[in-house]
Amino acid sequence: MMGGYGDVQLLKEDGTRLDGRAVDEMRPVEIKVGVLPAAQGSAWVKQGLNVAVCAVYGPMEAHPRKIQRQDRAVLDVRYNMAPFSTGERIRPGFNRRAREISKVTAEALESVVLLERYPRSKIRVEIEILAAEAGTRCAGITAASMALADAGIPMRDLVVGIASGKIQDTVVLDLDKAEDNYGQADLPAGICPNTGELVFLQMDGDLSIEEYNLAMEYNFKAAAEIHEIMVAALAAKYGGGEA
Amino acid sequence: MMGGYGDVQLLKEDGTRLDGRAVDEMRPVEIKVGVLPAAQGSAWVKQGLNVAVCAVYGPMEAHPRKIQRQDRAVLDVRYNMAPFSTGERIRPGFNRRAREISKVTAEALESVVLLERYPRSKIRVEIEILAAEAGTRCAGITAASMALADAGIPMRDLVVGIASGKIQDTVVLDLDKAEDNYGQADLPAGICPNTGELVFLQMDGDLSIEEYNLAMEYNFKAAAEIHEIMVAALAAKYGGGEA
Amino acid sequence: MMGGYGDVQLLKEDGTRLDGRAVDEMRPVEIKVGVLPAAQGSAWVKQGLNVAVCAVYGPMEAHPRKIQRQDRAVLDVRYNMAPFSTGERIRPGFNRRAREISKVTAEALESVVLLERYPRSKIRVEIEILAAEAGTRCAGITAASMALADAGIPMRDLVVGIASGKIQDTVVLDLDKAEDNYGQADLPAGICPNTGELVFLQMDGDLSIEEYNLAMEYNFKAAAEIHEIMVAALAAKYGGGEA
Amino acid sequence: MVAPVPNLLRQEIQRLAAQDKRIDGRGRWERRSVDLEVGLLYNAEGSAKVTWGDTVVYAGVKFELRTPWPDRPTQGSLMCGAELRPVAHVKYEPGPPSPESIELGRVVDRGIRESGCIDMDSLCIVPGEKVWGVMIDIHVMSDGGNIFDACGLAAIAALRTAIVPAERFDVGEDHVLAVSSTPIMASFTRAGGRFVYDPCEDEELGGDERIHITLGDKEHLHSLQKGLKGAFTPAEFAEILEVARTQCAELRDLVASKEGN
Amino acid sequence: MVAPVPNLLRQEIQRLAAQDKRIDGRGRWERRSVDLEVGLLYNAEGSAKVTWGDTVVYAGVKFELRTPWPDRPTQGSLMCGAELRPVAHVKYEPGPPSPESIELGRVVDRGIRESGCIDMDSLCIVPGEKVWGVMIDIHVMSDGGNIFDACGLAAIAALRTAIVPAERFDVGEDHVLAVSSTPIMASFTRAGGRFVYDPCEDEELGGDERIHITLGDKEHLHSLQKGLKGAFTPAEFAEILEVARTQCAELRDLVASKEGN
Amino acid sequence: MVAPVPNLLRQEIQRLAAQDKRIDGRGRWERRSVDLEVGLLYNAEGSAKVTWGDTVVYAGVKFELRTPWPDRPTQGSLMCGAELRPVAHVKYEPGPPSPESIELGRVVDRGIRESGCIDMDSLCIVPGEKVWGVMIDIHVMSDGGNIFDACGLAAIAALRTAIVPAERFDVGEDHVLAVSSTPIMASFTRAGGRFVYDPCEDEELGGDERIHITLGDKEHLHSLQKGLKGAFTPAEFAEILEVARTQCAELRDLVASKEGN
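For the protein sequence lines, the chains are A, B, C, D, E and F, in the order given. In terms of the working numbering, the first sequence is numbered consecutively and its last residue is 360. In terms of the working numbering, the second sequence is numbered consecutively and its last residue is 360. In terms of the working numbering, the third sequence is numbered consecutively and its last residue is 360. In terms of the working numbering, the fourth sequence is numbered consecutively and its last residue is 324. In terms of the working numbering, the fifth sequence is numbered consecutively and its last residue is 324. In terms of the working numbering, the sixth sequence is numbered consecutively and its last residue is 324.
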């Protein structure tokens, strides 16, 4: 979060945002599954101008053997930004930010995948960000849980990635790029829409406890909306209810 | 290949090249085998001012086991330029160019070595360029097939590395440094002198199909000449015909 | 060793050094063992303003198996400088200097640890330099042999790390930072106080053979003094004689 | 240890080849269906998605301001890289770029660079001070065989539809990148003892030699590469070169059909 | 292969939790003893050693002169890194930074950075030319559990007692670094099914989720991080946030007591 | 797992040592035949090839223009590196530089640097602006034992026959690099319980301690290094130091005989 929010006007006089959204309104979300023929399962998520694509491979034998777990599968998750996904090109390779996001994304997914069904095996989850406009880690989490569902991996619940934040001392849902650059706080969460639990949580910036509570309320509301889109995407492929 | 060929005169009025060679004349080639006592087999090739030295180790057990092949040996080939081999010093370490050349050189040699004779084993081929004056990958391939022969590894045929190219809209054999810098195309090939087959081929620049055909004709002619020098080098050590 | 010693006055008119020490006087040394609860053995050495801390782990199973020795343990030694230990911050990571010091320190310790007692196992020795004021490799060796003793690993003898050097054409004991920067030679040694043998030796700069002999005489004298402090530190923890 | 399946597959491909058939029913010189989309990705100044059979590839173009090399003060630069990331197939593992991935990037790069389709002098802003660096990154998302041709196609299509973002860098007005020709790659693999065009994944499992040919607008050769174990004769090369001429011309038209959108 | 001991330990922790007890006898929201020393290390412009139960951590602050970024000509920079080196525990191995070590450094960094305790403009020497870069490095020496809180405490204590070495760099007189607040981290782990504050090593072996909360002087949130496998409810979060407020205030006083020495 | 052969070999060396013999028939302080060639390699501004028994080593010198360090505006720089590449022996594997290779490079570097044979001020072109950086790279091609001495010899011979390529860099006329002395290394290994000079490959397999001594023209010590496991006494050191004096003097003459060619 930058500190320069004083200089940049992000809310209009009528209280709406620069792109016309209400404070508790998220960007448009589109989801498709089964987009990569070579993968066991795959998904494509567009949220605003973000594009996140995820491929799932496995369960397969985990090797080298020292990474195996006797009683469950291990999840091998990578979050990667394509070099052309950002304003300034980023060099290929796994930087510190990507490693941290990969770690916490893996831990979020481990909380819902029924890993105990596949002892000694490995499931690979590959998240590629092709276009980034703030909120890519959340789009990536949504894409990953859709690709896991598409691959037929059993899960306790889906996970929806969504963030709220604060701009000009106002809590708003789903920051876009300008809001992220000049905003005061960002609160990305990974929400299980059926159980109402959190499996992913980060935050940076400045939020009072009241502001935190409101931001999280927005996140839960949006998670329910995105969940409907996810269910519809699975239905579009599998012709029925949720996987 | 640079595009600035218009500025630099590479052919003299009598049609010969700056160093006096005819268009279809290669640089002098010298070859010795058995030059490195610690290696199973070794060879030294000087072509013009290029110096390529190759050591061969093996066949030995291939490990880690996951690189083993049940039905054949694997070739582990490295092409490396010494830091002092070029005009500007190059940093030690394996760059992208060296990795690509190592890969295609290995694939060329795999096409002639009787790998099926040594299941589960590995043969290491180490090519070191000590002085570079255009055409090092070809000198390296020649050196490697000589070192393999010196190590007593059975092969279907030797491989001769040789390149032709184009300067001032004229096809010429065996580009030297200036011709490579200011020329219009380069066509390096790996030729089996006995079978007449190609096991290595690259090209960059601009060649019409007719020019390609002439350049390849020059390559085949030179390969026959170099082959005689190779046979003589083996005879010098082993006192007889070709290995 | 810098060459600029002509410009910097390092000895006072009375023959003593800038910090008041005599030529054969070492900096104050303090030693404690058992300073890191998570380690099997640990030690803290302060020599002048240097701070070296060492943790020992093991003996434990050596893996991967290819590093195992049938007849003895292997020592895995790392010497590392904390980023804030030097005047200018150093980037985290293992540089060439640290790798060389780790190697020769390991070899010094291998000369005294009874490795044959623990076939197929590994002992890890982790030396961290928290503050550096010339002489860190010697402080690290002293700390390592104390941490090994604290971990109960049997040794033929302790090793004391100590250096002499040359400033203004005069041999002096235990160079401090200014003396190291502007001095003419440095002779760090690893001395076994009981056997009188050397297990570690480096030197750079310019020393005549006579100067070498005097410098080494100083090193042996200081080693005896430091040895007493080491024994006292072990006694302070274990309430008795030397481990 | 090699899995046994490829050997069985190899035999089947061999058997079919004897009847002049391919495992997916195509003719020897027939291409799979190819779909090309351009301009899809926010933040990329040029982008293309190629769906070539089961192969899916994206390419994106980015620009940066650079100081030119002292010996070429008016020349910008072009860089083309390909990443074979683990997203694309179960066989790709994470880690530093593999030899396969380096070869792929370099062969695509040479085809474009050596065709001369970008005039490096046209990338100059202030001689000796500021030039454009053009970077094409290719992201293989699904490897269903013949990724070389798909990557080459995505790269040139992204390049030919790229906008130079001069306004963002405060050096003039945005404008279309000048690309004077359309180099196209055609790849052939030995399958069942003979060469076929546009190998599918099963045909590549044989692991026999591949030949990659890049042809420019005038059907000149700009890049050649022989990969993998195996030998071929000059006569075989002459035959596939003829096929490449036809195929490259068709794909060049496909690229042209997406421009100016 | 997972060792069986953690499972037995997990059961014991579970059994104790049912009786509202912890394995080391503490209450659920009770902290282990914490000792803080500052200014110990020659060469570090600020330093702190934290002994937190069996955990020992050092932090050191170094300064460098930098050219500011063109778009922020008056702003210096702050960087915080943590190294989980093999010295700290038998479980840490040599090699490139692990994901655990990267997460640790980034979470501590965010807590300090986002609190705004360092005014980046105060690090300016000559606008557009020279600014200070402040680098905090944290060295974990003994991991006895809850290294996150120990690292956060060491980092802010080192920073709040740091001297800007202006004389050495010939840019004025040495002075105390201006740090306007004291962000403090509080970490919670699920052990035996419920969250506890300040987990010890045994409680961390369960491997269930952790929540790290950094609070500033006004009890605003500056950083949150959920780590490891597991889910939690908003109600659980509300409960631990209350505990964090009390604990952070106490530790903030501890830091204050070491200043001005 | 250790192969058993070295142990048998060790016993044989021990048995011979008891009779004051060596495995290749040499006397205890005797050197193998050494051949030195200089100026062989196109592109290297100085080069040398040393054939020392079964050991073959090349060294090459390159120059670059550098900006001097601000605190030493008139000083150029010298860098010496050695690569133990897999070409040299079946025991060397590809990968990042091993500790052995780093030690080798650093010991050779120290011997040359600390002898002061290159006056760093003589490498200045324009004070504060341009100085020469001299880089010596050593390439071990065949390791038949005692590569340290072979590398040290190749490095100083390449240096003493190097031409500063001033014309190519447009900073004056080409001239001979000024090198004021000839530091030479002598290495000893414990084999069969006693030290021997110039160990061959079999003698090094014992793995007992090595001592490397670099002596300058005036028989001053410029670099010492004890490597590998083992202990030695001051008396043993005094004995080998005497041998080093004689051997280094002979090799210094060999270098001199190749100069001015």
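Yeah, the Cβ is synthetic: ideal placement off N, Cα and C, and Gly gets one too.
According to DSSP, is F/LYS281 part of a helix, a strand, or is it coil? Here F/LYS281 sits in coil by DSSP.
Limits of the beta strand (DSSP E) - the one that D/THR118 falls within: For D/THR118, the enclosing beta strand (DSSP E) begins and ends at 118-129.
Helix, strand or coil for D/GLN82, going by three-state DSSP, please let me know. Assignment of D/GLN82 by DSSP, reduced to helix, strand and coil, places it in the coil class.
Would you call the stretch 223-237 of chain F and the stretch 159-173 of chain F in contact, with 3 or more CB pairs under 8 angstroms? no
Measure the alpha-carbon distance for B/ARG254 versus D/LEU268 and round it to whole angstroms. 28 angstroms
With DSSP collapsed to three states, give me the class of B/VAL230. If DSSP states are grouped into helix, strand and coil, B/VAL230 belongs with the strands.
Could you tell me which whole beta strand (DSSP E) segments of length 3 or greater appear in the stretch 84-110 of chain E? 97-101
Out of E/MET204, E/LYS193 and E/CYS311, which has the shortest C-alpha to C-alpha gap to E/PHE251? E/CYS311
Buried or exposed: which applies to B/VAL230, given that a residue is buried once 16 or more other Cβ atoms fall within 10 Å of its Cβ? buried
E/GLY235 versus A/ASP297: straight-line alpha-carbon distance, rounded: 37 angstroms
Give the DSSP-derived three-state secondary structure of B/MET263 in the structure shown. helix
Name the chain D residues that come within less than 7 angstroms of A/ARG214, Cβ to Cβ? Those do not exist, as A/ARG214 stays about 16 angstroms from chain D at its closest Cβ, beyond 7 angstroms.
With H, G and I counted as helix, E and B as strand and the rest as coil, what does DSSP make of B/MET143? coil
Does E/SER96 come within less than 7 angstroms of chain C when only Cβ atoms are used? no
Taking only the alpha-carbon atoms, compute the straight-line gap between D/GLN288 and D/ALA218 and give it to the nearest angstrom. 18 angstroms
Could you tell me the boundaries of the alpha helix (DSSP H) in which B/ARG241 lies? That residue, B/ARG241, is in no alpha helix (DSSP H); its beta strand (DSSP E) goes 238-248.
Straight-line CA distance for E/HIS275 to E/SER286? 8 angstroms
Around the C-beta of D/GLU192, are 16 or more other C-beta atoms found within 10 angstroms, so that it is buried, or is it exposed? Flag for D/GLU192 reads exposed.
Hey, is E/THR252 close to the ligand ATP, as in C-beta under 6 angstroms from one of its heavy atoms? The ligand content of the structure shown is nil, which means the ligand ATP is not present either.
Assign A/LEU127 to one of three DSSP states: helix, strand, or coil. Here A/LEU127 carries a coil assignment [DSSP, helix/strand/coil].
Look up B/ASN167 in the DSSP assignment and say whether it is helix, strand or coil. strand
Residues near A/SER219 by beta carbon distance below 7 angstroms, same chain, minus five either side: So the list reads VAL194, ARG195 and TYR196, once near-sequence residues are dropped.
Reduced DSSP category for A/ASN311 - H, G, I as helix; E, B as strand; rest coil: coil
Kindly indicate which three-state DSSP category C/ILE326 falls into: helix, strand or coil? In the structure shown, C/ILE326 sits in a helix (DSSP, three-state: H, G or I).
Inspect the beta-carbon positions of F/VAL306 and F/TRP92 and report whether they are closer than 7 angstroms. yes
Where the beta strand (DSSP E) containing A/ILE279 begins and where it ends: 277-284
Distance between beta carbons of B/ALA199 and B/LEU166, contact taken as under 8 angstroms: Rounded, the Cβ-Cβ distance is 14 angstroms, inconsistent with contact.
Cβ of E/ASP271 within 7 angstroms of Cβ of C/PHE201? Not a contact, by the Cβ cut-off of 7 angstroms.
Just list the residues that DSSP pairs E/GLU146 with in beta bridges. E/HIS202
Which of helix, strand or coil DSSP assigns to D/ARG176: DSSP, read as helix, strand or coil, puts D/ARG176 in helix.
Identity of the residue in D/PHE258, D/PHE300 and D/THR245 nearest D/GLY279 by Cα: D/THR245
Spatial neighbours of E/PHE303 within its chain, please: C-beta separation below 6 angstroms, excluding the five flanking residues on both sides. Inspection of the sequence shows that residue 303 of chain E is occupied by Ile rather than by Phe. Contacts found: PHE251 and PHE258.
Return helix, strand or coil for D/GLU272, following the three-state DSSP convention. coil
Within 10 angstroms of its Cβ, does F/VAL166 collect 16 or more other Cβ (buried), or is it exposed? Rather than Val, the amino acid found at residue 166 of chain F in this sequence is Glu. Answer is buried; the Cβ neighbour count reaches 16.
Proximity to A/ALA332 [Cα-Cα], best of A/GLN301, A/LEU290, A/VAL168 and A/CYS171: A/LEU290
If you draw a straight line from the C-alpha of A/MET320 to the C-alpha of A/LYS239, how long is it? 30 angstroms
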